[in-house]
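Participant: Its first residue numbered 27, the sequence shown is counted upward by one per residue in this note's numbering.
Where a beta carbon is used, it is the ideal one built from N, C-alpha and C, also for glycine.
Keep in mind that this is a model prediction, so the values were computed, not measured.
First, the structure itself, so that you have it in front of you.
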Amino acid sequence: MFNKATREKIYGARRVGLLALLLFMVITPGSGQELLNCLVASVDNIPVTWFDLEVLKAFNLLPGMNNESLAVEDRLEKYIDVLLVLRLTREQLQVTSEEVGAELERLKTRLGAEAFGSRCQALGLKPEDLTGYLQDKILFEKVIGTRFNQRLYVSLKEIEDYYQQVYLPEQKAAGQTPAELVTVLDEIEARLQNKLREERVKEWTRELRQRAEIAIFPECLKKIR
């Protein structure tokens, strides 16, 4: 288990002086290209860099599914929400080294060994360098699972509307034969419950934002696409 000192070391590794992070250069191994790293945002004096957003995108480590396709502005907004939640609750929950190891193995399996290795190489990372990001992901999921663990009610009409308006067009666009409603009822209910849960999380993080000091640096943000 990560003790308090270790957790602070991992978390605090990003809390270097903000001025030092305003602008510096890194080299992508094997590409010969220079990539500009810069400070994208500051969340209660915790720096968020270009590199952070690239790692989160490459390994899809933000809440929700398929964050690789998110616009950079949306990616930043999601990560700010994560940092605000963790800032508030970090001392209340713990993550073990075994949990981080298991999450890393799931990540390798999901991406495939070759893709995982190439993404690490492109960013100049070793697998263990992902520890802090994985810890944040696990902690965030624990917090949300603890705070929003109640089963959310979804009406049959909402399920039917989703089936007609979202599921059927989705399946037809993919060239697949849509299943009958009764077959996918549980799946659609779960989707709608997740959507409701995400809305409640968003409402909570909006409240957290009102009490936080957040600065966004557009000049750096414009460099990321």
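1) What does the alpha-carbon distance come out to for the pair THR54 and THR75?
2) What residue from ASP162, ALA216 and GLU239 has the CA that sits closest to ARG177's CA?
3) Is it buried or exposed for ASN29, if we count other Cβ within 10 angstroms and need 16 for buried?
4) Quick one: measure Cβ to Cβ for ILE164 and GLU129, integer angstroms, because I've assumed they're closer than 8 Å.
5) Taking C-beta to C-beta, are PRO89 and PHE166 nearer than 9 Å?
6) Would PHE85 and ARG145 qualify as a contact pair, given that the criterion is a beta-carbon distance under 9 Å?
7) Give me, in chain order, the residues of the same chain whose beta-carbon lies closer than 8 Å to that of LYS198; leave out the 5 immediate sequence neighbours on both sides.
8) Verify whether the separation of the beta carbon atoms of LEU221 and ASP107 is less than 9 Å.
9) How should PHE50 be labelled, buried or exposed, when 16 other C-beta atoms within 10 angstroms of its C-beta is the threshold for buried?
10) So, GLU94 versus LEU247, is the Cβ gap smaller than 9 Å?
11) Rounded to the nearest angstrom, what separates LEU119 and ASP155 at their Cα positions?
12) Kindly list the residues whose CB is nearer than 7 Å to the CB of ASP162, restricted to its own chain and excluding five residues on each side of it in sequence; keep chain order.
13) Return the chain-ordered list of same chain residues with a C-beta closer than 6 Å to the C-beta of SER123, the five sequence neighbours on each side being excluded.
14) Just checking ARG113 against the ligand SAM - is the residue's beta carbon closer than 8 Å to any of the ligand's heavy atoms?
15) Could you give the first and the last residue of the continuous beta strand (DSSP E) run that contains PRO73?
16) Using a Cβ-Cβ cutoff of less than 8 Å, which residues in the same chain neighbour TYR188 once the five nearest sequence positions on both sides are dropped?
17) So within the segment 61-146, which uninterrupted alpha helix (DSSP H) runs reach at least 4 residues, ignoring any that extend past its ends?
18) Could you say which of ILE170, GLU196 and ASP212 lies nearest to ILE185 if we only look at CA atoms?
19) Hey, LEU234 and LEU110 are a contact pair by Cβ (cut 8 Å); roughly how many whole angstroms apart?
Facilitator: In terms of the structure at hand:
1) Working through the sequence shown from its first residue, we reach residue 54 at position 28. Working through the sequence shown from its first residue, we reach residue 75 at position 49. Low local confidence applies: a pLDDT of 42 at THR54 is under 50, so the model's placement there is unreliable, with the coordinate-based value given in what follows. Distance between the alpha carbons of THR54 and THR75 is about 16 Å.
2) As a working note, residue 177 is residue 151 in the sequence shown. Closest option to ARG177, Cα to Cα, is ALA216.
3) As a position in the sequence shown, residue 29 is number 3, starting the count at 1. Confidence is the limiting factor: at ASN29 the pLDDT is only 48, short of 50, which leaves the residue's position unreliable, though a coordinate-based value still follows. Exposed: under 16 other Cβ atoms inside 10 Å.
4) On the sequence shown, residue 164 is found 138 positions in, with the first residue counted as 1. On the sequence shown, residue 129 is found 103 positions in, with the first residue counted as 1. Right, the Cβ-Cβ distance comes to about 6 Å (below 8 Å), so this counts as a contact.
5) Taking the sequence shown and counting its residues from 1, one reaches residue 89 at position 63. Taking the sequence shown and counting its residues from 1, one reaches residue 166 at position 140. Yes, they are a contact pair.
6) By 1-based counting over the sequence shown, the position of residue 85 is 59. By 1-based counting over the sequence shown, the position of residue 145 is 119. In contact: PHE85 and ARG145 (Cβ atoms closer than 9 Å).
7) The residue you call residue 198 lines up with position 172 of the sequence shown. So the qualifying residues of the chain are PRO204.
8) The residue labelled residue 221 in the question sits at position 195 within the sequence shown. The residue labelled residue 107 in the question sits at position 81 within the sequence shown. Strictly speaking, residue 221 in this sequence is Lys, with Leu absent from that position. Going by C-beta atoms, LYS221 is not nearer than 9 Å to ASP107.
9) Taking the sequence shown and counting its residues from 1, the one referred to as residue 50 is at position 24. With a pLDDT of 45 at PHE50, under the threshold of 50, the modelled position of that residue is not reliable, and the figure given next carries that caveat. Per the 10 Å Cβ criterion, exposed.
10) Position 68 of the sequence shown, counted from the start, is the residue given in the question as residue 94. Position 221 of the sequence shown, counted from the start, is the residue given in the question as residue 247. Contact: no.
11) On the sequence shown, position 93 is the one that residue 119 refers to. On the sequence shown, position 129 is the one that residue 155 refers to. Straight-line Cα distance between these residues: approximately 22 Å.
12) On the sequence shown, residue 162 is found 136 positions in, with the first residue counted as 1. Closer than 7 Å at the Cβ level, and outside the excluded window around ASP162, lie VAL108 and LEU112.
13) Counting from one through the sequence shown, the residue named residue 123 turns up at place 97. Here the set comprises nothing.
14) As far as ligands go, the structure on display features none, and thus does not contain the ligand SAM.
15) Against the sequence shown, residue 73 aligns to sequence position 47. It spans 72-75 - the beta strand (DSSP E) in which PRO73 sits, taken as one unbroken run.
16) The residue you call residue 188 lines up with position 162 of the sequence shown. If we look at TYR188 and ignore the five residues flanking it on each side, its Cβ neighbours are ILE214, ARG217 and LEU218.
17) 76-84, 98-115 and 123-137
18) Within the sequence shown, numbered from 1, the residue matching residue 185 stands at position 159. The candidate whose alpha carbon is nearest that of ILE185 is ASP212.
19) The sequence position of residue 234 within the sequence shown is 208, counting from 1. The sequence position of residue 110 within the sequence shown is 84, counting from 1. About 4 Å; that satisfies the 8 Å criterion.
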